[in-house]
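Working notes, structure below.
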Amino acid sequence: MIQLFNVTKMYPGGIKALDDVSIRFKKGEFIFLVGPSGAGKSTLMKLIYREEHPTRGQVIFNGKNITRLRQREVPYLRRKIGMVFQDFRLLPQKTVFENIAFAMEITGASSREIKRAVPEVLEMVGLAHKANEFPEHLSGGEQQRVSISRAIVNRPVLIIADEPTGNLDPDTSWGLMNLFLDISQRGTTIIMATHAWDIVSNMKKRVVELAGGQIVRDEEKGTYSL
Amino acid sequence: MRLRTICYYFREALQSILRNSWLSVASIGVVAVSLLILGGSLLIVLNAGNVADNLESSVEVSIFLKDEATPEQIKEIENKLIGLSEVAQYVFVTKEKALEEMKQDFGEEKDILAGLEEKNPLPDTFRVKTHMVEQVAPLARQFEGLAQVDEVRYGQGVVEQLMALSHWVRIAGLTTMVLLGVAAVFLIATTIRLSVFARRREIEIMKFLGATNWFVRLPFLLEGMFLGLAGSFISVAAIYYGYFLIINSIQVSLPFVPMVSDRDLIILLMEGLLFLGLLIGAAGSMISVRRFLKV
Ligand SMILES: Nc1ncnc2c1ncn2[C@@H]1O[C@H](COP(=O)(O)OP(=O)(O)OP(=O)(O)O)[C@@H](O)[C@H]1O
Ligand SMILES: [Mg+2]
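Residue numbers (the numbering used here), protein chains in the order written: chain Z, 174 to 399; chain H, 110 to 404.
This is the structure in structure tokens:
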């Protein structure tokens, strides 16, 4: 589903964030990206949702070479990808419901579709009763659940999560991981960068380890470290 | 486009305007003032043209003939007048007729003119009207040197001054308008830039969620267009009511000054101003949207 061919990414200033990386992610896989800070995990994910362009090499998404994607086609690529970040990125002046609805409004969804889909995802993450709260009144874990609902409401084929539990305590983190497992079991591909070694070790999913911009390990049912 | 999306654009634009309310008011004000000046000068030019048109019909060239001019020579001048395309109409006034007119002008005091019948000092005269004011002076020059012509006169100066006035009003009004118009465009651009800045986080999130560039831009474009339109509405309202107030008072105190009071023409002018306001707003927001909204 996603293939990187000899991808090198240089940032201005000569920093080589990725160095000749080739890898393939299959549909429905659950992939952990691990590695020390500055290894290039975020950069690899940015190449997939076209926040950054590779300096060399090709990125293929669903059979389409997205390195050649025109700027105005990028939004349509991103609608196929749900994104979850460490800092949640919710709009503070909108309620939980409105935050999720916003992701649908952007795609031009109708009111009827929105009124049907939003409660459904809120139900799934267990926050139906908080629909009309503002994000600042929710705990970190709850805010992250809202952002996960927003990521899945448009039924993406891929979820990209960059340290989604980075700010959360272990219990809350495990709750969210179960949610990601649910989503994964419905056939959605998930790529997650994380430093949470206990989670990675216990989940027994594919683990890709980066160091200095290169892939140093790629195992099915892997653990956090050797 | 869905109704919900359209509502979204308008809601966002309105929120921005309220958030930067002082700058919004300033932008609206500058648009209003610049369009007020444009509209005002256009009306002055329009009226100056109208007055000139009216004067035109009253300006005529008088060709005074010498006493010794023979009927043949008079006929010769008449033929020349007939041959000129710029001549709209002419009359030949004999010296007897001229004296008669003069007596009428003097009215009660016509006794002063008594006894002039025997030795009438007034000349035979051709009074000529041209199609356009600009043709008056050249026409006069054609007859000035002729042997049988004593003197040629016309309302030298008045017409030229009026044309010059309308010319200067046009230039001064246009310059001020362009300067203020540019100021208005940039003030709107600044307002929009602040709106973009206030919403940078939201814009970033929208981009992650897959919003198209136009979806991100449109609320800002609407905001600018609204500011421009609001400004032009104020100027149009002020000009419209102000102008008809002025017309009414002029028609009472100076009834002989011909004012343009054709309502359809004025309304057309106002529509033009509204459109211009919208354009200024759109231009201002486009500048900011292009420069500060790298979507
Ligand atoms: N926009 C940028 N401009 C310049 N250098 C950058 C930029 N983004 C990342 N880098 C550099 O590229 C390298 C890889 O960064 P990246 O964010 O991909 O690492 P990471 O593996 O996600 O690290 P972390 O675990 O801390 O999130 C780092 O050295 C970083 O400083
Ligand atoms: Mg990172």
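We treat Cβ as the ideally placed atom computed from N, Cα and C, and that holds for glycine.
Residue pairing by DSSP puts Z:Lys182 in a beta bridge opposite Z:Leu191.
Your pair H:Leu336 and H:Ile297 checks out as a contact, with CB atoms roughly 5 Å apart and the cut at 8 Å. Under DSSP, Z:Asn238 takes part in a beta bridge, and its partners are Z:Ile233. At a cut-off of 7 Å between C-beta atoms, Z:Gly281 counts as an interface residue with respect to chain H. At a beta-carbon threshold of 7 Å, the residues of chain Z lying near H:Arg113 are Glu278, Ser283, Ser284, ordered along the chain.
At a cut-off of 6 Å, the beta-carbon of Z:Lys219 does not count as near ligand 2: no heavy atom of the ligand is closer than that. For the pair H:Leu318 and H:Leu145, the Cα-to-Cα distance works out to about 44 Å. Of the heavy atoms belonging to ligand 2, at least one sits nearer than 6 Å to the Cβ of Z:Lys214. Z:Thr216 has no beta-bridge partner at all, per DSSP. Look at the stretch 225–237 of chain Z: it has no residue with a C-beta under 8 Å from a C-beta of chain H.
One thing to note: H:Pro328 has its Cβ no nearer than 7 Å to the Cβ of H:Asn159. Under a criterion of Cβ atoms nearer than 7 Å, the residues of chain Z adjacent to H:Ile314 are, in order, Arg262, Leu264. Around the C-beta of H:Ala339, 16 or more other C-beta atoms lie within 10 Å, and the residue is accordingly described as buried. For the set Z:Glu393, Z:Ile364, Z:Glu392, Z:Gly395, the Cα lying nearest the Cα of Z:Phe258 is the one of Z:Ile364.
Inter-residue distance for H:Leu255 and H:Glu217 is about 38 Å (C-alpha atoms, whole angstroms). Here H:Thr114 carries a helix assignment [DSSP, helix/strand/coil]. The beta carbon of H:Glu121 does not come within 7 Å of any beta carbon belonging to chain Z, so the residue lies off that interface. Fully enclosed beta strand (DSSP E) runs of no fewer than 3 residues occupy 331–335 of the stretch 296–356 of chain Z, in order along the chain.
Restricting attention to beta strand (DSSP E) runs no shorter than 3 residues, the stretch 163–212 of chain H encloses them at 170–174, 196–202, ordered along the chain.
Excluding five sequence positions before and after Z:Glu309, the CB atoms of its chain that fall closer than 7 Å to its own CB belong to Pro265, given in chain order. As for any beta strand (DSSP E) of minimum length 3 sitting wholly inside the stretch 235–288 of chain H, the runs are 258–262, ordered along the chain. Residue state for H:Thr321 is assigned as coil, using DSSP reduced to three classes.
The C-alpha of H:His276 is placed about 36 Å away from the C-alpha of H:Ile186. Counting along the chain, Z:Phe270 sits inside the alpha helix (DSSP H) bounded by residues 269–279. Relative to the non-hydrogen atoms of ligand 1, the Cβ of Z:Ile196 never comes closer than 6 Å to any of them. Taking the beta carbon of Z:Tyr249 as reference, the chain H residues within 9 Å of it are Gly319, Thr321, listed in sequence order. Shown here for H:Ser370: same chain residues with a beta carbon closer than 7 Å to its own, the five before and five after excluded, namely Ile356 in chain order.
Listed along chain H are Phe317, Leu318, each with a C-beta nearer than 9 Å to that of Z:Met256. Taking C-beta separations shorter than 8 Å and ignoring five residues to either side along the sequence, the partners of H:Gly393 in its chain run Ser136, Ala293, Val294, Phe295, Leu296, Ile297, Ala298, Thr300, Ile301, Gly333, Leu336, Gly337, following chain order. In chain order, Met174, Val330, Gly360, Thr362 place their CB closer than 8 Å to the CB of Z:Lys200, counting only its own chain and leaving out the 5 sequence neighbours on each side.
Interface criterion met: the Cβ of H:Glu311 is under 7 Å from a Cβ in chain Z. Residue contact check for H:Tyr117 against chain Z: a CB pair falls below 7 Å.
Judged by DSSP in its simplified three-state form, H:Leu354 adopts helix. In the DSSP annotation of this structure, the continuous segment of the beta strand (DSSP E) that includes Z:Arg379 starts and ends at 379–384. Taking Z:Thr228 as the centre and dropping the five residues before and after it, the same chain places the C-beta of Thr181, Lys182, Met183 closer than 8 Å to its C-beta, in chain order. Inclusion of Z:Ile188 in the 6 Å shell around ligand 1 follows from its C-beta lying nearer than that to a non-hydrogen atom of the ligand.
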